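Written below as structure tokens is the structure these notes are about.
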Amino acid sequence: MKYMFPSRRTAVTSTGGMVASSQYLATQAGVSILQQGGNAVDAAIATAAALNVVEPMMTGLGGDLFALVYLHKGGELKALNASGRAPNAASLEKMRRLGFSKMPETGIHTVTIPGTLDGWCTLLDACGTMKLSQVLSPAIALAEKGYPVTEITALRWQESQPKLEKDAAAARTYLPGGRAPETGEVFAQPDLANTLKKIAWDGREVFYKGEIAESIVACSQKHGGLITMKDLNDHSSAWVRPISANYRGYEVFECPPNGQGLVTLLALNMLEGYDIKSMVHNSPEYLHLLLEVLKLAFADADRYVADPDFVNIPLNQLL
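The sequence shown lines up with residues 617 to 935 when you count with the working numbering.
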């Protein structure tokens, strides 16, 4: 194989499966599931759950999930939208009465119904081979025993310290000793471990209808939020049709809006008109082209990406 640019390591290949993530401990969690006989969906959920522990500034149970799943049997490609909806009470009129002329970027009114866990359960039921307790086991162990904080995570943590200090519960959880953990420090999350254990034992019901749901609603109400038990009870994920674009003979698939996969397809459509092979990799010309293409793609996404249940998105014209 000829490499067109310097690399610190060669390509990695495998015949028994492969896991890639932004944190090595999360990757190991996924690999351990494959080694136990799990399939790709089982491993992906284990990896995501572990990231919840080792990269708390990036992902978590309170967030969203989007997934593309290829089913070898039948050759079907499916997309899952497990993003959270706004609380039922969060109408435009309500936001205006609360004094907002636009949606705030921080605070309790930016919080949607957590969709991650329902997404995990939906994926496991449809495509997985293991129980929820099995795929959550590596994450529970990391949260209980702790893990060494990596350099990038420590940096992001320190940057977030002023915001975390404003909330007593956040400070107690993420600022032990009154500060963000430093690189190499071992950080454990016993409360998160207990939450994951409850979910492993009792499934999605405890999160959307039981004890954890009650805690979420109480926290929301304490801070003036609008989430109710009905919002959590009614939440569900949805299987949706993937969108695609052809790039130089390859059909590239993404999750549809309200996900951001449209950005990738818009960018590829624009890049197809340029002779990228003639450009030096990472040269000013090359990087400038990529940056401008992404700026335009994100501008279109900002303009058009919304909830397709409420807004007509002209996908055919955009793609």
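Backbone N, C-alpha and C define an ideal beta-carbon position, used for all residues, glycine too.
Quick caveat, the model's predicted, so the values are computed rather than measured.
Item, Value
"As assigned by DSSP and simplified to three states, the class of residue 932", "helix"
"Residue 712 versus residue 843 - alpha carbon distance", "17 Å"
"Bounding residues of the beta strand (DSSP E) (the contiguous stretch that carries residue 753)", "Per DSSP, residue 753 belongs to no beta strand (DSSP E); it is in the alpha helix (DSSP H), 748-761."
"Closest by C-alpha distance to residue 699, when choosing among 894, 929, 714 and 738", "738"
"As assigned by DSSP and simplified to three states, the class of residue 718", "coil"
"Residue ranges of each beta strand (DSSP E) within the segment 860-928, 3 or longer", "866-870"
"Residue ranges of each alpha helix (DSSP H) within the segment 617-704, 4 or longer", "640-651 and 656-670"
"Identity of the residue in 639, 863, 667 and 781 nearest residue 767 by Cα", "639"
"Cβ-Cβ distance between residue 647 and residue 743 below 7 Å", "no"
"Span separating the alpha-carbon of residue 875 from that of residue 810", "31 Å"
"Residue 646 beta carbon near the ligand SAM (any heavy atom closer than 6 Å)", "Absent from the structure shown: the ligand SAM. Ligands present: none."
"For residue 785, the nearest candidate out of 931, 692 and 838 (CA to CA)", "838"
"Proximal residues to residue 673 (C-beta, below 8 Å), its chain only, five neighbours per side dropped", "769, 772, 773 and 776"
"Where residue 790 falls, given that 16 or more other Cβ within 10 Å makes a residue buried", "buried"
"Per DSSP, the bridge partner or partners of residue 855", "696"
"Coil, strand or helix - residue 764 by DSSP", "strand"
"DSSP bridge partner residues for residue 803 (one or two, in chain order)", "763"
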